[in-house]
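Heads up: the sequence shown runs through residues 3 to 961, numbered per my numbering.
All C-beta atoms in this analysis are idealised placements derived from N, C-alpha and C, irrespective of residue type, glycine included.
See below for the structure under consideration.
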Amino acid sequence: MFEVPTTYTSLQVNTVISSPTGSGKTVLFELAIIRLFSTKKDQEQPKVVYMAPIKALCQEKTEDWTKKFGKVNLTCKELTGDTESIENIEQSFKNIDIILTTPEKWDSTSRRWKDRGMMGFMSQVSLILIDEVHLLNEERGAVLEAVVSRMKTLKKSEEMADRPSSNLRFIALSATIPNIEDIGQWINAPNDAVLVFGDEYRPCKLDVHVVGVRNNSSNPYLFERSLTYKLLSVIQEHSSNKPTIIFCSTRKSASESASILSKEVSLLRPNPFITDPSQRKRLLEASSQASDKVLSECIINAVAYHCAGLSAQDRKLVESLFLCSDVLVVCTTSTLAQGVNLPARLCIIKGTQQYKTGSGYEDYNELMMVQMMGRAGRPQFDDKGVAVILTDQKCIPKWQDINNKNKPVESHLQHLIIEHLNAEIVLETVQNVRVAIEWLKSTFLYIRMMKNPMHYNLPQSITREKLEQHLKQMCTQHLEQLSSEELINMDGNGNLHSTELGRSMARFYIKFETMQTFNQANNNASSSQSDILTVLCKAKEFQEHSIRLGQKKILNALNKKNVMQFPIKGRIKDVEDKVNVLIQAAMVDAKIEDWTLMQQTNQIFAVAPRIARCLIDYVKEKKRFHQLSNSLLLSKCIHQKMWHANSNATRQVDGIGAVFSNTLQKAGITNLQTLEKIDSFKIESILGRNPPFGRNVLEKISKIPKYDLSFKCENVEDSSLVSITVIANRRETAKYGFDNIFQTLITGNRSNDLIDYKRFCGAKYQQFKTTFQVDARQSCNCELKAKLISDQYIGFDVDLDVTIQKINRDLLDTDQVITHTPKNKIKPPSVIDNSLALMKNRTASSTLKMLPKVPPLIRREVVRPKDENVPIEECNTKQQAVEPPIMFNSSQYNVVVNHHTRNNLVEMVRQYVESGGRVEKFQSNVPVCDLTNLDDDDCVLIDDDFEDFNLDIVFDDVF
């Protein structure tokens with residue numbers, strides 16, 4: 003029996019194990035986990051990170067290990083795009099022992115290791131388990147390579163040196179590959195810890211059949227589709243009425259194959275996949291649970307498909323039905339070959355080519371073929387397995403001896419090196435060119451360049467010195483590219499420093515070409531939402547969604563719909579147009595008939611939010627106010643999948659979907675503000691729901707932070723600057739349940755300059771203030787605009803216009819007056835004249851309560867000069883039409899008045915009272931004269947903040 007001593011007798015030795023698919027190597031992971039926690043010290047809280055290439059494998063292992071390790075009080079939790087954002091990982095996983103994730107998710111997580119709270123979290127990671135490490139041989143392998151190299155560097159950093167649990171061990175499992183020792187060298191595993199098991203260790207014998215089919219078409223897509231009609235006969239010949247997995251090249255092919263098979267067996271009497279009435283009954287029940295219509299129709303006939311395009315619930319449903327043999331045939335893509343433990347007697351590979359963006363159809367690599375065949379014959383379920391390869395007749399010789407033709411695993415880091423190099427600079431693990439080269443030498447890429455230089459376009463006889471020189475040239479070239487796009491700064495000594503743009507690129511996982519696109523678009527300085535959406539759609543991340551055969555007609559039809567917000571001129575011609583149309587179609591709930599386009603739309607919306615957030619950071623750095631405002635709005639619209647003026651805005655609330663939203667719309671309720679004013683019983687009546695549904699809806703709306711904006715300003719002594727404070731007051735005082743609802747407060751001037759930017763958590767601030775200074779001599783700063791924009795919810799943004807009067811600096815007193823008017827509060831001028839001189843002096847408190855239906859007023863703000871003898875008629879004034887609030891609540895107000903404006907105030911009050919205004923009560927803490935024979939009951943004051951209904955009035959002298 004082959005012994006594996008290093009896996010369980012040492013906590014420090016890195017280990018690599020290579021064995022055939024289905025040989026049960028996962029148990030070695032479990033032994034290592036048990037060893038770690040059984041030997042930990044009392045003060046230590048080690049964490050295990052398990053990385054697998056696909057989410058489905060993470061989900062499977064989470065379920066399995068939760069049952070196993072829960073018995074010894076170890077907790078497991080999945081960390082993937084389906085489960086968690088990266089905002090509060092350190093808190094969410096604080097008490098978790100085993101974290102199950104993908105390389106991409108752990109890459110984005112580990113890029114934050116220097117953030118507050120994250121360093122302690124990362125220092126606890128003591129064991130990293132890498133499943134299917136031969137993923138290095140694919141394009142996604144670059145991410146795995148970068149993240150493992152980062153973790154090696156991280157644990158050696160000075161910041162981690164004195165922390166507990168700072169040691170880190172790697173254990174990697176792989177299918178049979180010829181260069182497993184290279185992976186061992188990369189993770190620093192000693193020779194005796196690189197363990198290789200041959201096919202003799204496979205517990206289930208595997209029979210491989212290569213079936214050649216005559217290819218009458220030069221189109222690979224049509225050839226693969228023709229193979230669909232061969233599937234039923236292959237299944238009947240080789241499956242022995244046991245479970246079958248069919249591997250297809252695309253998600254669409256998987257769904258089409260399942261649909262065709264389902265229709266074929268439904269015509270047979272009896273259905274060969276359904277053996278008894280109880281199975282049929284279970285299938286009927288399960289079909290009603292599937293959210294995907296095509297999948298639901300297939301399940302009825304014991305056929306299904308499984309791919310990333312399905313929801314997590316539908317994937318789990320298919321897996322459970324297949325495990326209990328209610329569904330006997332599952333059509334899937336090659337990703338399911340990467341470790342998901344679905345038992346099958348027969349595996350059919352439908353075609354030996356797959357489509358790759360940019361290069362067209364290519365043959366599967368040998369390792370992937372072996373992985374797919376290895377799904378047949380799982381030891382805990384069967385005693386043998388059968389693999390059938392359906393291919394072109396001309397390709398039979400290539401695949402007949404596939405098990406003995408594995409090629410070495412190669413690195414793909416060279417294709418994404420610039421993104422990962424930028425990430426390391428942001429983390430300060432790479433601080434100069436020399437360290438950058440050392441980082442490259444820690445990668446699997448460097449090892450394979452030495453072993454197989456021709457694969458990387460290098461001479462076969464290249465020396466180590468020449469290779470290092472090549473690395474330096476490659477590194478310098480990438481650094482210069484990053485510098486030219488303002489992503490890093492390089493000083494004369496070769497030191498490297500990240501910029502805000504570089505940090506944003508790393509934080510949001512953005513490709514270098516996308517940042518180049520942003521820079522190119524910045525030259526046009528476009529600011530509309532349409533222009534910003536166009537820039538977003540040019541992102542490199544979307545280039546994989548090329549226009550396929552037959553899609554242009556559908557896309558052009560969508561583009562012509564009247565509901566499209568920004569229809570594209572002309573016909574759809576490229577990927578950018580396609581992505582644009584699909585985003586807009588989803589935002590207006592336009593029906594997309596094509597299944598592939600529906601799946602691609604879901605994929606686009608999985609990526610678009612982080613690109614939009616990066617675009618916000620980019621525009622913020624360029625100090626463009628209007629572009630930033632529209633970028634923030636677009637980001638929110640993408641998050642909600644609806645435009646800002648959508649009449650179905652009520653579906654922002656959990657529990658109100660498309661159907662309920664349409665019902666509310668028909669009842670005249672098109673936004674959350676309207677919905678909030680309706681009582682719970684009416685909501686339940688309109689939607690046909692029982693209590694407490696309405697109350698729950700209103701409670702959720704009440705938890706959304708709602709703010710009002712106001713301004714204060716002061717002169718900066720001995721300068722031409724004015725200090726302005728923007729104040730955001732939250733209306734409610736209750737504690738909110740939504741802790742991660744962020745608000746962005748921005749202020750700009752007439753010249754489109756961004757003056758101030760702040761982002762804060764709405765639930766944490768009853769009042770948020772930000773202060774900045776502007777030069778009052780510049781005319782562009784005389785008119786400012788502030789916007790408070792919710793990151794998440796549509797309909798709760800606040801705009802505020804601010805006017806700073808043109809002033810004479812020689813006459814200016816210590817206080818500067820501004821006029822501020824919230825958007826949509828301006829009304830036509832009234833005959834009533836409100837002349838108030840605002841000066842800082844003694845204050846009087848008064849309590850006012852105003853009755854409804856008061857007429858509009860004109861407000862004139864007056865700047866008092868230092869010489870108080872100057873008649874008020876000669877003072878600078880700013881006149882603005884305003885409307886008093888409908889109702890004053892009882893609260894404190896301060897009245898500003900002096901002997902110059904006494905008569906104006908009295909006249910204003912008289913006209914106000916004569917026109918129907920009335921005040922119930924007026925009190926003052928200083929002696930007040932009769933104010934020209936007016937009763938106290940007749941006194942009225944004008945609201946100074948039309949959102950909060952507060953007013954300041956200061957008495958210059960006592961009457």
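Taking the C-alpha atoms as reference points, what is the distance between asparagine 673 and lysine 708?
In the sequence shown, residue 673 corresponds to position 671, counting from 1. In the sequence shown, residue 708 corresponds to position 706, counting from 1. Between the alpha carbons of asparagine 673 and lysine 708 lies a distance of about 14 Å.
Determine, using beta-carbon pairs with one atom in the region 476-495 and one in the region 576-596, whether at least three such pairs fall under 8 Å.
At 8 Å Cβ cutoff, the stretches do not touch.
Reference tyrosine 203; option with closest CA among Ser25, Leu460, Arg505, Lys624
Walking along the sequence shown from the start, residue 203 turns up at place 201. Checked all of Ser25, Leu460, Arg505, Lys624; the closest Cα to tyrosine 203 is Ser25.
Quick check: what's the CA-CA separation for isoleucine 606 versus valine 581?
One-based indexing of the sequence shown puts residue 606 at position 604. One-based indexing of the sequence shown puts residue 581 at position 579. Rounded to whole angstroms, isoleucine 606 to valine 581 spans 7 Å at the Cα level.
Residue range of the unbroken beta strand (DSSP E) whose run includes alanine 304:
Against the sequence shown, residue 304 aligns to sequence position 302. Taken as a continuous stretch (DSSP letters only), alanine 304 belongs to no beta strand (DSSP E), as it is neither H nor E.
Per the contact definition of three or more C-beta pairs closer than 8 Å, is the region 294-304 in contact with the region 326-334?
With contact defined as three or more Cβ pairs closer than 8 Å, the region 326-334 and the region 294-304 are in contact.
Express the C-alpha separation of serine 649 and glycine 670 in angstroms, rounding to a whole number.
Sequence index remark: in the sequence shown, residue 670 carries index 668 (1-based). Sequence index remark: in the sequence shown, residue 649 carries index 647 (1-based). If you draw a straight line from the Cα of glycine 670 to the Cα of serine 649, it is about 9 Å long.
With a threshold of 7 Å on Cβ separation, who are the neighbours of arginine 697 within its own chain once the five nearest residues in sequence on each side are excluded?
Position 695 of the sequence shown, counted from the first residue, corresponds to residue 697. In chain order, Ser682 place their CB closer than 7 Å to the CB of arginine 697, counting only its own chain and leaving out the 5 sequence neighbours on each side.
Kindly indicate which three-state DSSP category valine 956 falls into: helix, strand or coil?
Taking the first residue of the sequence shown as position 1, residue 956 is located at position 954. Residue placement at valine 956 is flagged as unreliable, the pLDDT there being 32, under the threshold of 50; the coordinate-derived value follows with that caveat. Annotated three-state conformation of valine 956 is strand, per DSSP.
Identify the continuous alpha helix (DSSP H) that holds valine 372 and give its terminal residues.
In the sequence shown, residue 372 corresponds to position 370, counting from 1. First-last of the alpha helix (DSSP H) with valine 372: 368-375.
For the alpha helix (DSSP H) containing glutamine 522, name the first residue and the last one.
In the sequence shown, residue 522 corresponds to position 520, counting from 1. Going by DSSP, glutamine 522 is part of the alpha helix (DSSP H) stretching over 514-524.
Tell me which residues share the same chain as isoleucine 464 and place their Cβ nearer than 7 Å to its Cβ, disregarding the 5 neighbours each side in the sequence.
Within the sequence shown, numbered from 1, the residue matching residue 464 stands at position 462. Sequence-distant Cβ neighbours of isoleucine 464 in its own chain, meaning closer than 7 Å and more than five residues away, are Pro455.
Please state whether DSSP places valine 609 in a helix, a strand or coil.
By one-based count along the sequence shown, residue 609 stands at place 607. Valine 609: helix per DSSP, three-state reduction.
Reduced DSSP secondary structure (H/G/I, E/B, other) of tyrosine 1:
The requested residue 1 is not part of the displayed model; the chain covers only 3 to 961.
Could you please give the first and the last residue of the uninterrupted alpha helix (DSSP H) stretch that includes valine 661?
Sequence index remark: in the sequence shown, residue 661 carries index 659 (1-based). Element bounds for valine 661: 660-668.
Among Ala660, Ile534, Leu560, Glu623, the one whose alpha carbon lies nearest that of leucine 635
Here residue 635 refers to the residue found at position 633 of the sequence shown. Selected option, being the one with the closest Cα: Ile534.
Histidine 308: buried (16+ other C-beta within 10 angstroms of its C-beta) or exposed?
Here residue 308 is taken as the residue at index 306 of the sequence shown, counted from 1. A residue is called buried once 16 or more other Cβ atoms fall within 10 Å of its Cβ, and histidine 308 is buried on that count.
Which value, in whole angstroms, describes the spacing of the CA atoms of histidine 240 and valine 388?
Translated into positions along the sequence shown, residue 240 becomes position 238. Translated into positions along the sequence shown, residue 388 becomes position 386. Inter-residue distance for histidine 240 and valine 388 is about 7 Å (C-alpha atoms, whole angstroms).
Segment contact flag, the region 766-783 with the region 723-732, C-beta cutoff 8 Å, min 3 pairs
Inter-segment contact for the region 766-783 and the region 723-732 is present: three or more beta-carbon pairs are separated by less than 8 Å.
Enumerate, from N- to C-terminal direction, the unbroken alpha helix (DSSP H) stretches of 4 or more residues contained entirely within the region 449-519.
Annotation note: the region 449-519 contains the following uninterrupted alpha helix (DSSP H) runs of length 4 or greater, listed N- to C-terminal: 466-486, 502-509.
What do you get for arginine 436, buried or exposed, if any count of 16 or more other CB atoms within 10 angstroms of its CB means buried?
Taking the sequence shown and counting its residues from 1, one reaches residue 436 at position 434. Burial is judged here by how many other beta carbons sit within 10 angstroms of a residue's own beta carbon; arginine 436 has fewer than 16 and is exposed.
Taking the alpha helix (DSSP H) that arginine 171 belongs to, which residues open and close that run?
Position 169 of the sequence shown, counting from 1, holds the residue named residue 171. In the DSSP annotation of this structure, arginine 171 is not part of any alpha helix (DSSP H); the continuous beta strand (DSSP E) holding it starts and ends at 171-176.
In the structure shown, what three-state DSSP assignment does glycine 750 receive?
Locating residue 750 in the sequence shown gives position 748, where the first residue counts as 1. Note: glycine 750 maps to strand in three-state DSSP.
If distances are taken between C-alpha atoms only, which option among Gln61, Ile185, Gln126, Ser259 comes closest to valine 135?
Along the sequence shown, one-based indexing puts residue 135 at 133. Of the listed residues, the one whose Cα sits closest to valine 135 is Ile185.
In whole angstroms, give me the CA-to-CA distance for aspartate 937 and valine 718.
Position 935 of the sequence shown, counted from the start, is the residue given in the question as residue 937. Position 716 of the sequence shown, counted from the start, is the residue given in the question as residue 718. Here the model assigns aspartate 937 a pLDDT of 40, short of 50, so the residue's position is not dependable, and the following value carries that caveat. Whole-angstrom Cα-Cα distance: 41 Å.
Distance check for glutamate 412 and arginine 450, CA to CA, integer angstroms please.
As a first step, residue 450 is located in the sequence shown; it is residue number 448 there, counting from the start. As a first step, residue 412 is located in the sequence shown; it is residue number 410 there, counting from the start. When only Cα atoms are considered, arginine 450 and glutamate 412 end up about 7 Å apart.
With C-beta atoms as the reference, is aspartate 799 less than 8 Å away from phenylalanine 774?
One-based indexing of the sequence shown puts residue 799 at position 797. One-based indexing of the sequence shown puts residue 774 at position 772. Going by C-beta atoms, aspartate 799 is not nearer than 8 Å to phenylalanine 774.
Determine the DSSP secondary structure at alanine 292, reduced to helix, strand or coil.
For the purposes of this step, residue 292 is taken as the residue at position 290 of the sequence shown. Three-state DSSP puts alanine 292 in coil, outside helix and strand.
Please report the straight-line C-alpha distance between alanine 651 and proline 693, rounded to a whole angstrom.
Along the sequence shown, read from residue 1 onward, the residue named residue 651 stands at position 649. Along the sequence shown, read from residue 1 onward, the residue named residue 693 stands at position 691. Across the structure, alanine 651 and proline 693 are spaced so that their CA atoms are roughly 22 Å apart.
Between isoleucine 36 and serine 293, what straight-line distance do the alpha-carbon atoms span, to the nearest angstrom?
On the sequence shown, position 34 is the one that residue 36 refers to. On the sequence shown, position 291 is the one that residue 293 refers to. A direct Cα-to-Cα measurement between isoleucine 36 and serine 293 gives close to 39 Å.
Mind listing, in chain order, the continuous beta strand (DSSP E) runs of no fewer than 3 residues lying wholly within the region 25-50?
Entirely contained in the region 25-50, not one beta strand (DSSP E) run reaches 3 residues.
Here's a check: name, in chain order, each residue in its chain whose Cβ is nearer than 7 Å to the Cβ of glutamate 80, leaving out the five neighbours to either side.
For the purposes of this step, residue 80 is taken as the residue at position 78 of the sequence shown. Same-chain partners within the cutoff: Cys60, Gln61, Thr64, Leu102.
Quick check on DSSP: helix, strand or coil for cysteine 326?
To locate residue 326, count along the sequence shown from 1; it is residue 324. If DSSP states are grouped into helix, strand and coil, cysteine 326 belongs with coil.
From which residue to which residue does the alpha helix (DSSP H) around phenylalanine 627 run?
Within the sequence shown, the letter at position 625 stands for residue 627. Per DSSP, phenylalanine 627 is one residue of the alpha helix (DSSP H) stretching across 627-642.
Buried or exposed (CB count within 10 angstroms, at least 16 for buried), alanine 144
The residue labelled residue 144 in the question sits at position 142 within the sequence shown. Answer is buried; the Cβ neighbour count reaches 16.
Residue closest to aspartate 99, alpha-carbon to alpha-carbon, out of Gln93, Pro105, Thr111, Thr77:
Position 97 of the sequence shown, counting from 1, holds the residue named residue 99. Considering only alpha carbons, the answer is Thr77.
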